[in-house]
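Using our numbering, the letters of the sequence shown map in sequence onto residues 172 to 561.
Note that the Cβ used here is the ideal one computed from N, Cα and C, for glycine as well.
See below for the structure under consideration.
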Amino acid sequence: MMTFDPSRVIAKQCAEIKPSGIRKFFDMLDGMKDVISLTVGQPDFVTPWKIREAGIESIEQGKTYYTSNSGLPALREEISAYLKESFSLSYDAEHELLVTIGGSEAVDMALRALLDPGDEVVLHYPNYVCYEPLCRMCGAKVVPIVTTERENFKVTPEALRAVITPKTKLLILSYPNNPTGGIMERADLEAIADVIRDTRIVVLSDEIYAELTYGSRHVSFGSLPGMKERTVVCSGFSKAFAMTGWRLGYVAAPAPILSAIRKIHQYAIMCAPTASQFAGLAAMREGREAMREMIAEYDRRRRLALSELAKIGLRCYEPKGAFYVFPDISRFGLTSQEFASRLITEARAAVVPGDAFGESGEGYVRISYAYSVDHIKEGIARMGTFIRGL
Numbered sequence: 172m173m174t175f176d177p178s179r180v181i182a183k184q185c186a187e188i189k190p191s192g193i194r195k196f197f198d199m200l201d202g203m204k205d206v207i208s209l210t211v212g213q214p215d216f217v218t219p220w221k222i223r224e225a226g227i228e229s230i231e232q233g234k235t236y237y238t239s240n241s242g243l244p245a246l247r248e249e250i251s252a253y254l255k256e257s258f259s260l261s262y263d264a265e266h267e268l269l270v271t272i273g274g275s276e277a278v279d280m281a282l283r284a285l286l287d288p289g290d291e292v293v294l295h296y297p298n299y300v301c302y303e304p305l306c307r308m309c310g311a312k313v314v315p316i317v318t319t320e321r322e323n324f325k326v327t328p329e330a331l332r333a334v335i336t337p338k339t340k341l342l343i344l345s346y347p348n349n350p351t352g353g354i355m356e357r358a359d360l361e362a363i364a365d366v367i368r369d370t371r372i373v374v375l376s377d378e379i380y381a382e383l384t385y386g387s388r389h390v391s392f393g394s395l396p397g398m399k400e401r402t403v404v405c406s407g408f409s410k411a412f413a414m415t416g417w418r419l420g421y422v423a424a425p426a427p428i429l430s431a432i433r434k435i436h437q438y439a440i441m442c443a444p445t446a447s448q449f450a451g452l453a454a455m456r457e458g459r460e461a462m463r464e465m466i467a468e469y470d471r472r473r474r475l476a477l478s479e480l481a482k483i484g485l486r487c488y489e490p491k492g493a494f495y496v497f498p499d500i501s502r503f504g505l506t507s508q509e510f511a512s513r514l515i516t517e518a519r520a521a522v523v524p525g526d527a528f529g530e531s532g533e534g535y536v537r538i539s540y541a542y543s544v545d546h547i548k549e550g551i552a553r554m555g556t557f558i559r560g561l
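Now the structure itself:
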């Protein structure tokens with residue numbers, strides 16, 4: 172009888188993908204005691220009560236049915252109004268908006284709807300870990316743009332122009348950026364728009380941190396003149412409304428693209444969780460004040476993190492968005508993996524190595540300041556003790 176080896180039937184494009192570099196350090200925390208973790212990109216706030224209450228009430232009232240594939244009409248109407256009011260984006264609630272299971276599904280479905288094998292996707296680094304694997308599973312080729320601290324981690328028109336080929340199908344913009352905290356301002360985006368205006372390139376703009384900016388208001392690429400018809404906006408409720416576990420997001424796109432995304436969503440998902448959708452409706456209608464209070468607290472923690480890092484002698488780019496700092500640890504002669512591994516074992520503090528976000532993240536580590544003030548202070552103090560012993 173032939174021996175069956177399950178590992179030999181895994182699809183090639185899946186087998187070749189490496190596990191998340193972030194997950195490795197989460198796994199290291201399992202079973203370790205007294206570790207101060209600064210790793211998780213998750214608000215430490217409890218979802219505001221009015222939002223939780225709406226989800227609870229929907230269950231108590233027996234609203235446990237499927238919604239339409241696109242999501243509750245009332246929720247889509249509220250998202251449409253919110254996008255227009257907050258970011259000058261005009262999307263029709265019926266034909267151009269789809270409610271998803273978190274922003275991650277929005278990104279995944281959009282990529283699957285847009286990419287064919289052999290297409291080229293321009294992606295800037297350092298960046299969040301999901302984009303490249305999802306593109307590769309579509310058979311697409313990822314073409315990197317390295318952003319640097321010198322350029323405030325922004326995509327420049329010169330760098331973009333240099334990598335465009337006849338096969339370029341998609342540009343992914345992820346700002347405010349995880350892990351760097353970099354942002355793209357209107358003038359920066361207009362320069363990118365000028366480069367692609369006479370091409371067939373589509374832009375996927377992941378704006379999950381759009382509300383988390385400090386000192387300037389986020390500008391959406393789709394709001395620029397002539398860019399809506401070539402832009403797919405992906406976002407969600409996780410970060411701004413402290414709703415990570417509710418798994419609620421959305422995608423906004425021109426009707427022909429949205430229709431294609433909806434087809435995949437219909438077969439793969441059916442609809443986002445109904446209770447989460449009712450909670451999202453409350454977030455749109457009654458959660459803005461709580462959101463603003465949380466953002467103000469993140470800003471306070473941002474300034475605290477920068478101050479504490481300066482005290483221990485770590486140079487750090489000043490982030491203008493999201494809730495991460497990305498200090499430079501290159502002077503210690505350790506790789507980011509070595510630094511993070513030794514920090515957790517020797518000082519019981521956990522950060523994410525910069526190379527988890529691409530090779531250009533080498534020489535940095537990511538610290539989340541979505542934690543309490545005391546937690547941030549203690550974690551960075553332990554880093555200080557560690558680096559003094561190097």
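Cβ distance (whole Å) where residue 301 is taken to contact residue 283 below 8 Å: Rounded, the Cβ-Cβ distance is 13 Å, inconsistent with contact.
Inter-residue spacing [alpha-carbon to alpha-carbon] between residue 453 and residue 220: 10 Å
Any 3 or more C-beta pairs closer than 8 Å across the region 485-498 and the region 532-548: yes
Cβ-Cβ distance between residue 390 and residue 343 below 9 Å: no
Residue(s) in a DSSP beta bridge with residue 375: 343, 403
C-beta contact flag for residue 532 and residue 296 at 9 Å: yes
Spatial distance of residue 536 from residue 239 (CA atoms): 42 Å
Continuous alpha helix (DSSP H) assignments of at least 4 residues falling wholly in the region 244-283: 244-258
Helix, strand or coil at residue 493 [DSSP, three-state]: coil
Exposed unless 16 or more other CB atoms sit within 10 angstroms - verdict on residue 486: exposed
Residue 295: first and last residue of the uninterrupted beta strand (DSSP E) it sits in: 291-296
7 Å Cβ shell around residue 519 - same chain, five flanking residues per side excluded: 205, 206, 207, 553
Neighbourhood of residue 411 by C-beta, 7 Å cutoff - its chain only, sequence neighbours within 5 removed: 382, 383, 462
Beta-carbon gap between residue 372 and residue 332 smaller than 9 Å: no
C-beta contact flag for residue 229 and residue 445 at 9 Å: yes
Inter-residue CB distance, residue 451 and residue 209 (contact presumed, cutoff 8 Å): The pair is not a contact, with the Cβ atoms about 29 Å apart (cut-off 8 Å).
Residue 182 burial status per 10 Å Cβ neighbour count (16 or more: buried): exposed
Alpha helix (DSSP H) runs wholly inside the region 455-484, at least 4 long, in chain order: 459-482
N-terminal and C-terminal residue of the beta strand (DSSP E) that residue 316 is part of: 312-317
For residue 420, the residue or residues it bridges with in DSSP: 271, 407
Residue 529 vs residue 298 beta-carbon contact at 9 Å: yes
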